[in-house]
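>
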Amino acid sequence: MHNNQLTARLTLIIALLLSSLAVNADTKYAPVSIDMELKKVSEHVYYVQGKAGVATDNEGFISNASAVITPEGIVVIDALGTPSLAHHFLQLLKTLSLKPVVKVIMTHYHADHLYGLQVFKEQGAEIIAPAGYLDYLESDNAKSRLEERQFSLDPWVNENTRLLAADKVIDKNERFTLGGITFDLNYLGNAHSDGDLSVLVKPDRVLLTGDLIFEGRIPFTGSADTGHWLALLKNLKHTKLAALIPGHGPAAKKPDQAIKLTRRYLQQLRAIMKNAVNELISFDEAFDAADWSEFEKLPAFEAAHRKNAYGVYLSLEQELLNE
Numbered sequence: 105m106h107n108n109q110l111t112a113r114l115t116l117i118i119a120l121l122l123s124s125l126a127v128n129a130d131t132k133y134a135p136v137s138i139d140m141e142l143k144k145v146s147e148h149v150y151y152v153q154g155k156a157g158v159a160t161d162n163e164g165f166i167s168n169a170s171a172v173i174t175p176e177g178i179v180v181i182d183a184l185g186t187p188s189l190a191h192h193f194l195q196l197l198k199t200l201s202l203k204p205v206v207k208v209i210m211t212h213y214h215a216d217h218l219y220g221l222q223v224f225k226e227q228g229a230e231i232i233a234p235a236g237y238l239d240y241l242e243s244d245n246a247k248s249r250l251e252e253r254q255f256s257l258d259p260w261v262n263e264n265t266r267l268l269a270a271d272k273v274i275d276k277n278e279r280f281t282l283g284g285i286t287f288d289l290n291y292l293g294n295a296h297s298d299g300d301l302s303v304l305v306k307p308d309r310v311l312l313t314g315d316l317i318f319e320g321r322i323p324f325t326g327s328a329d330t331g332h333w334l335a336l337l338k339n340l341k342h343t344k345l346a347a348l349i350p351g352h353g354p355a356a357k358k359p360d361q362a363i364k365l366t367r368r369y370l371q372q373l374r375a376i377m378k379n380a381v382n383e384l385i386s387f388d389e390a391f392d393a394a395d396w397s398e399f400e401k402l403p404a405f406e407a408a409h410r411k412n413a414y415g416v417y418l419s420l421e422q423e424l425l426n427e
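Letter by letter, the sequence shown follows residues 105 to 427 in the numbering used here.
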């Protein structure tokens, strides 16, 4: 009798422990209240669209993340800006497939695409990233940005948020096939960041560009090589594509039109700032005299535009000094 009671008590304790673990697993990441909707682009490709504002106004949800559903597992492109967002995204994906996420492809290393990685790594996913990714993780900028987001996006980014190294780094174009779906990884070099890549899902004819394209909002240029970025956009013509998914903004069924906004913005930014540098005009004078009316009503204009212009001005000054 005593043994039966002991066994029953141990069984109850184990059940309670397992229940506690399950609850902890579900509540490991702070819940999000912001709307996130899976949108179908093609037979195999889905994405969630980040909001157009700044990260602190949207629980970090300002960038897109995509998923390709194959018979052998899910491939995720970009990991969102907080572990909480990535966890929510993963729950949405489970409504489409019970297969695990087996690969996460990072188009670049910026925080709004990066901080959700640990959620997918916990599922056993392989992380693939472009050259430049590891250098960033080891930089002071990576540390300071994480500290800033731990403050400004708490509790969704906190002391448990980790920066994860890539399992595979690519510095040239590569191809792989999973579950009969072919993926072309196009290494773009230094454009929007110090390492960018795009992904072409071949059978669906869907191109995922990362932040090479911003649709419906002002791009963030940061320390980008805007000259190389603009050159890539001028050569990016995919008339045979079914759709293009940018790093920010809605998916486009007419890819060439989706490219135009980012291209026009960079062209005007560089032209005005280049003239100022060549004519020895101060940044403030050039910026205040310029006509920015084509872009001033777009989301993120107030938050990003002046910083973008100043960064381009400084980079063009450096180009002139190096000539």
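From the three backbone atoms N, C-alpha and C, an ideal C-beta is built for every residue, glycine too.
As the structure is a prediction and not an experimental result, all values here were calculated from the model.
Distance, Cα to Cα, Glu230 vs Lys378?
Spanning the two alpha carbons is a distance of roughly 42 Å.
> Which full runs of the alpha helix (DSSP H) of 4+ residues lie inside the stretch 158 to 209, going along the chain?
Listed in chain order, the complete alpha helix (DSSP H) runs (minimum 4 residues) inside the stretch 158 to 209 are 187 to 197.
> Let me check understanding here. Comparing Cα to Cα, which of His217, Asn277, Tyr369, Ala215 lies closest to Glu398?
Residue Tyr369 is the option with its Cα nearest to Glu398.
> Since Ile376 and Leu348 should fall inside the 8 Å C-beta cutoff, what is the C-beta to C-beta distance between them, to a whole number of angstroms?
That pair is no contact at about 27 Å.
> CA-CA distance, Ser146 and Ala407?
Those two C-alpha atoms are separated by around 33 Å.
> How far does the alpha helix (DSSP H) with His352 in it extend, from its first residue to its last?
Not the alpha helix (DSSP H): His352 falls in the beta strand (DSSP E), residues 347 to 352.
> Can you grab the Cα-Cα spacing for the pair Asp298 / Pro175, in whole Å?
Cα-Cα distance, rounded: 34 Å.
> Tell me whether the stretch 147 to 156 and the stretch 167 to 185 touch, counting them as touching only if at least three CB pairs, one residue from each stretch, are closer than 8 Å.
Short answer: they touch.
> What are the boundary residues of the beta strand (DSSP E) that Leu370 is part of?
From DSSP, Leu370 is part of no beta strand (DSSP E) but of the alpha helix (DSSP H) over 359 to 382.
> Apart from the five residues just before and just after Thr160, which ones in its own chain have a Cβ nearer than 6 Å to its Cβ?
Contacts found: Ser256.
> In whole angstroms, give me the CA-to-CA distance for Pro204 and Gly236.
Their Cα atoms are separated by approximately 28 Å.
> Can we say the stretch 295 to 311 touches the stretch 387 to 403, given the rule of at least three CB pairs closer than 8 Å?
With the cut-off at 8 Å, the stretch 295 to 311 and the stretch 387 to 403 do not touch.
> Cβ of Ile181 within 8 Å of Cβ of Val206?
No. Outside cutoff.
> Give, in chain order, every unbroken run of the beta strand (DSSP E) that is at least 3 residues long and sits entirely within the stretch 264 to 289.
List check, beta strand (DSSP E) in window: 272 to 274, 278 to 282.
> How big is the Cα-Cα spacing for Asp288 and Asp308?
Between Asp288 and Asp308, the C-alpha separation is close to 12 Å.
> Can you tell me whether Gly228 is buried or exposed? The criterion is at least 16 other CB atoms within 10 Å of its CB, across all chains shown.
Classification for Gly228: exposed.
> To the nearest angstrom, how far is it from the Cα of Gly284 to the Cα of Ile232?
So the two alpha carbons sit approximately 19 Å from each other.
> Considering only residues of the same chain and omitting the five flanking positions on each side of Lys272, which have a CB-CB separation below 6 Å?
Hits under 6 Å: Ile232.
> Less than 6 Å between C-beta atoms, sequence neighbours within five positions excluded: which residues of the same chain meet that for Pro259?
Contacts found: Ala134.
> Can you check which of these residues, Thr325, Pro403, Lys306, Lys364, is closest to His148 by C-alpha distance?
Checked all of Thr325, Pro403, Lys306, Lys364; the closest Cα to His148 is Lys306.
> Would you decide whether Ala428 is buried or exposed? Buried here means 16 or more other CB atoms lie within 10 Å of its CB.
No answer is possible for residue 428: the residues shown for the chain start at 105 and end at 427.
> Assuming Ala413 contacts Leu373 under a Cβ cut-off of 8 Å, what Cβ separation, rounded to an integer in Å, is found between them?
Going by Cβ atoms, the distance from Ala413 to Leu373 rounds to 6 Å, so yes, they are a contact pair.
> Indicate whether Asn168 and Pro350 have their beta-carbon atoms separated by less than 8 Å.
Against a cut-off of 8 Å, the Cβ pair of Pro350 and Asn168 comes out as a contact.
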